[in-house]
Amino acid sequence: MDINLKPKVVYEKLENIVIIGNGGRENSLAWAIQKNKQIKNIFLIPGNGGSEKIKKCQSLNLDFENKSLLIKTLAPLDIDLIIIGPEIPLAKGLGDFLRSNNFLVFGPGKDGAKLESSKSWAKSFMKEANIPTAEFWKVSSIEESESIIYSAPFPLVVKADGLASGKGVFIPETKEETLKITKEIIKGKFGESGKIVLLEEKIEGPEISIFALCDGKKYLLLPSAQDHKRIEENDKGLNTGGMGAYSPTPILSNSELSIICKDIIEPTIDELIKRNIDYKGVLYFGLMITKSGPKVIEYNSRFGDPECQTIMPLMDINFVNILHKCAKGNLKGDESILSTSKVSGCVIAASKGYPENYEVGYPITFNNEEFKDLQIFHSGTSINEKGEIITNGGRVLSIVCQADDFDSAFNMAYKVLKTIDFSGIYYRKDIGHQVRKNYSFGENNG
Ligand code: AMP
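If you're matching positions, the sequence shown starts at -16 in the working numbering and goes up one per residue.
Here you go:
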């Protein structure tokens, strides 16, 4: 008689997944999740023009802010896990609402999402927990701002307190400019999000993004990533939601990472626990490695976009099981999560004029099929009446490539970009310049 000595692995049912959101981030999450054989259906609410190109995926074109319709739609679908992608529904408490309707959710409640939705709240949180960050002042009047700006011993960064799609941060060159932008924000440039303004000490150093998957008590780190926020090459021009990224970031040594865990990540989670905030979701730490050590620039309560698109192709097929564990509060914290030792690079193709005014509705032509180490994730796209894929946002596509080194990954991404076209396509040619050996500013690398 054969005796099977292998322990029987009992998997919990994890078949039907919902992802809330309509960007490249959500498509890349869906793409990483569908690889797991357990998964049968992924519903993207509302998804975009590229969502249904991903295996097992369906777009449900409904307004997730319509809570009764959302619950009515989800009830018959036998959903095992809901992942909330964007910051706005998190900040508005969609996670709390879905949990109170007995859904398992990956994404913090309104309380945890405040780490991102109020920069001044996050700063006080950091101060309370002794977490290293730049000096700051919270202001709400022009007179107050003027006296701080003209007496501060260092240059200041100006930030709208609330959510502003990554566009509410300004790094002025002079005190006059600092006052001008502060006035504009207080007078309503960002509506309610700018009622309070944060004046922050300008700090310097390389930036990195760290993502921790959290289950309320424990955490698991994703590979580090670095994005490019500015619209123009040489990291100049206006701040955007992100024009490209690469992962992992070679600038971080293991000892630096353990300092970051001890001084920043663990105190953040301890402070959340102390405040009875059950944070189940991803916690993003935007850090600057200054001469006096790593400092937090900002927290996000969700996966960064385009860092998510960059990291997802590196994930193991058990990625969705880990998100499920976070939602249930039973993460071990030592799960292995990587499927490859390759590096990943992402370049965003945007609409001309982004992050300010831009036009949408232009057909996109693709002359390249995705292959093993190339993903073309749709960000701002939709499908018109003729069934054509058209532009529908500032950031349109995320071209992501993996290779043994960054030069090869970005060469491939830029080669693919030459085969894609839409009216007004714009992309930076220098994404990943920090890690591309064969890149030097001023060269035409496109
Ligand atoms: P945030 O949206 O807070 O991540 O800010 C956007 C970008 O502005 C960051 O990625 C930094 O490049 C820059 N930034 C934000 N805060 C500071 C600061 N205190 N000092 C210097 N640069 C900053």
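All residues carry an ideal CB built from backbone N, CA and C; glycine is no exception.
The ligand AMP heavy atom lying under 7 Å from the CB of residue i
i: N445; result: Nothing in the structure corresponds to residue 445, since the chain is present only between -16 and 429.
i: A143; result: no
i: K185; result: yes
i: V180; result: no
i: K308; result: no
i: A208; result: no
i: V122; result: no
i: G269; result: yes
i: E160; result: no
i: K106; result: no
i: A435; result: Because the chain here runs from -16 to 429, residue 435 falls outside it and cannot be looked at.
i: E368; result: no
i: V140; result: yes
i: K212; result: yes
i: E190; result: yes
i: I414; result: no
i: E281; result: yes
Whole-angstrom distance between residue j and residue i, CA atom to CA atom
i: I280; j: F268; result: 8 Å
i: D388; j: K325; result: 7 Å
i: S42; j: E9; result: 11 Å
i: K121; j: I131; result: 10 Å
i: L81; j: P346; result: 36 Å
i: G425; j: N394; result: Low confidence applies to G425: its pLDDT is 46, below 50, so where it sits in the model is not reliable, and the reading given next is rough at best. The alpha-carbon atoms of G425 and N394 are separated by roughly 16 Å.
i: I184; j: V265; result: First, the residue type needs correcting, since residue 184 is Glu and not Ile in the sequence shown. Going by the C-alpha atoms only, they are around 27 Å apart.
i: I0; j: I331; result: 27 Å
i: Y409; j: E111; result: 43 Å
i: N5; j: I214; result: 22 Å
i: M436; j: G336; result: As shown, the chain starts at -16 and ends at 429. That puts residue 436 outside it, with no answer to give.
i: P29; j: D404; result: 25 Å
i: E129; j: L139; result: 12 Å
i: M113; j: V152; result: Correcting the residue identity first, residue 113 is Asn in this sequence and not Met. Roughly 24 Å separates the two Cα atoms.
i: G402; j: N351; result: Checking the sequence, you will find Thr at residue 402 rather than Gly. If I take the Cα positions, the gap works out to 7 Å.
i: N19; j: F302; result: 8 Å
i: L196; j: L205; result: 7 Å
i: P136; j: K75; result: 37 Å
i: K170; j: I320; result: 46 Å
i: I300; j: K163; result: 50 Å
i: P289; j: K212; result: 10 Å
i: C384; j: C291; result: 13 Å
i: F354; j: C40; result: 18 Å
i: V343; j: I242; result: 45 Å
i: D16; j: I22; result: Note that residue 16 is Ile in the sequence shown, not Asp. Roughly 7 Å between the two C-alpha positions.
i: V379; j: Y341; result: 11 Å
i: G429; j: Y397; result: Note that G429 scores 41 on pLDDT, short of 50, meaning its location in the model is unreliable; the coordinates nonetheless yield the value given after this. Cα-Cα distance, rounded: 6 Å.
i: A105; j: A96; result: 10 Å
i: D356; j: W14; result: 13 Å
Whole-number beta carbon distance between residue j and residue i, since they are thought to touch under 8 Å
i: M295; j: S11; result: 4 Å
i: E99; j: S284; result: 4 Å
i: F278; j: T56; result: Per the sequence shown, residue 278 should be read as Lys rather than Phe. Between T56 and K278 the Cβ distance is about 43 Å, and since that is not below 8 Å, they are no contact.
i: P479; j: T223; result: Lying outside -16 to 429, the shown extent of the chain, residue 479 is not represented and no answer is given.
i: T323; j: A208; result: The Cβ separation is near 15 Å, so there is no contact.
i: F349; j: G7; result: That belief does not hold up - the Cβ atoms of F349 and G7 are roughly 15 Å apart, past 8 Å.
i: M226; j: R411; result: 5 Å
i: S327; j: Y229; result: 7 Å
i: L203; j: E318; result: 6 Å
i: G33; j: T364; result: 6 Å
heavy atom of the ligand ADP below 7 Å from residue i C-beta
i: I154; result: Although the ligand ADP was asked about, the structure shown includes only the ligand AMP as ligands.
Exercise for the section: Check whether the region 156 to 171 touches the region 256 to 275, taking contact to mean three or more Cβ pairs, one atom from each stretch, closer than 8 Å. Expected result: no
Handout entry: Three CB pairs or more closer than 8 Å across the region 299 to 312 and the region 366 to 378
Key = no
Problem - Sufficient close CB pairs (3 or more, under 8 Å) joining the region 45 to 63 to the region 214 to 224 - result: no
Exercise for the section: Would you be able to state if there are at least three C-beta pairs under 8 Å between the region 232 to 248 and the region 160 to 179? Expected result: no
Practice task
Check whether the region 65 to 75 touches the region 87 to 96, counting contact only when three or more Cβ pairs, one atom from each stretch, lie closer than 8 Å.
Solution key: yes
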